[in-house]
Amino acid sequence: MTTTHVDYQLSQLDQLEAESIHIFREVAAEFEKPVLMFSGGKDSIVMLRLAEKAFFPAKLPFPLLQVDTGLDFDEVLATRDSWVERLGARLVVASVEDAIKAGHVVDDGKTSRNRQQIGALLAAIEDNGFTAAFGGGRRDEEKARAKERVYSHRDEFGQWDPKMQRPELWSLYNGRIHAGEHMRIFPLSNWTELDIWHYIHREQIEIPSIYFAHEREVVERDGMLLSIGPEIQPKGDEQVEKKMVRFRTVGDRTQTGCVESVATDTAAIIDEIAIARVTERGATRGDDRFSEAAMEDRKKEGYF
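Using our numbering, the letters of the sequence shown map in sequence onto residues 774 to 1077.
What follows is the structure in structure tokens.
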């Protein structure tokens, strides 16, 4: 008699997907008022896709929250709106400009809008009474994010203390909080940039077009290629050039650089990322180059 061996071992992507879906369901069951932080970038889109799978065929049991810097790429906002419409989700927009007017954020003319998101985010969490906020941070992105647990406790001021984190043995999470506190939840903690792109490729996920190679006018500044626009114009002897580029990460237009690339589809991007030796934030985010501890300092204040 012939016997057939069935291999029930999950692929790496399937294991990551299952872990993330488990986290979403745990949070939805445990917390009174969660929210998913949705920028329209690749990581938050993958996170949203996982949330969609976690609760299908029901609608998402929580709203989406976007912190609008006023300097987001048009392509990113268009993709954000497309996802919101398709899922029938409720979108809460926290505007940095409104936060400045309300006095939650002080605009000194020097601080980037990317950093000013902190005040707008904390005000939105407090005003809406959110008790848990899903974020798309991954441990491979940056040193400070590598320190963070899946459940990241924030005190009544929205601050993070990296020395006071809770153990997470055997994927058991402690979500207990006091009034005024909240948790940041990171379902993609164990994913890498390459995993994200493999998942986008496998699932055929809609992402902003600027992630793919295209021709754009850029200027080189501080070792980065910045896109020419209303906020970015050449200084001194800087020269405007037309190059084939793509964005590895998206954010504040004044702080987000692009990289030279000919990768026009996800398969080509996977090949490109597989040999990259610098993370997307280290390569193209100006605000992360400020100091070795730039990200950790912002996270302690309440950043994503």
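Glycine residues also receive a C-beta, built at the ideal position from the N, C-alpha and C atoms.
Item	Value
For Leu844, which residues from the same chain have a beta carbon less than 7 Å from its beta carbon, with the 5 sequence-adjacent residues on both sides left out?	Arg886, Glu1004, Asp1025, Arg1026 and Thr1027
Out of Gly902, Glu921 and Asn901, point me to the one whose CA is closest to Gly908's CA.	Glu921
Going by beta carbon distance, what residues of the same chain come within less than 7 Å of Ala1066, once the five residues before and after it are set aside?	Its pLDDT being 49, under 50, Ala1066 is placed unreliably in this model, and the value from its coordinates should be taken loosely. Taken in chain order, the list of residues that qualify is empty.
Among the residues of its own chain, which have a CB less than 8 Å from the CB of Ile978, if the five just before and after it don't count?	Ile818, Val819, Arg822 and Tyr972
Which runs of the beta strand (DSSP E) fall wholly inside the segment 909 to 980 and span at least 3 residues, in chain order?	924 to 927 and 955 to 958
Can you tell me whether Gln788 is buried or exposed, with buried defined as 16 or more other CB within 10 angstroms of its CB?	exposed
Could you name the residues that DSSP lists as bridge partners for Pro807?	Ala905
Indicate the three-state DSSP secondary structure (helix, strand or coil) for Leu844 in the structure shown.	coil
If you drop the 5 nearest sequence neighbours on each side, which residues of the same chain put their C-beta closer than 6 Å to that of Pro1007?	Val992 and Val1013
Between Phe797 and the rest of its own chain, which residues show a CB-CB distance below 8 Å, the 5 nearest in sequence each way excluded?	Leu823, Ala824, Ala827, Phe828, Phe907 and Pro960
Over the uninterrupted alpha helix (DSSP H) stretch that includes Arg989, give me the two end residues.	No alpha helix (DSSP H) holds Arg989; the beta strand (DSSP E) holding it covers His987 to Arg994.
Which same chain residues, not among the five before or five after Pro834, have their C-beta less than 7 Å away from its C-beta?	Ala801 and Phe828
Going by the beta-carbon positions, is the gap between Ala893 and Val869 smaller than 8 Å?	yes
Cutting at 8 Å between CB atoms, please list the residues of its own chain near Asp871, excluding the five before and the five after it.	Ala893
Determine which residues share a DSSP beta bridge with Arg1019 and list them.	Val1032
Give me whichever residues DSSP pairs with Leu823 in a beta bridge.	Looking at the DSSP assignment, Leu823 forms no beta bridge with any residue, so it has no partner.
Which of helix, strand or coil does DSSP assign to Leu860?	helix
Could you name the residues of the same chain whose beta carbon sits closer than 8 Å to that of Trp856, not counting the 5 residues immediately before and after it, in chain order?	Phe811, Gly813, Ile818, Leu821, Ala862 and Glu979
What residue from Ile794, Leu786 and Glu803 has the CA that sits closest to Arg949's CA?	Glu803
Shortest alpha-carbon distance to Pro807 belongs to which of Pro935, Gly1030 and Val865?	Val865
State the Cα-Cα distance for the pair Gly953 and Lys874, rounded to the nearest angstrom.	24 Å
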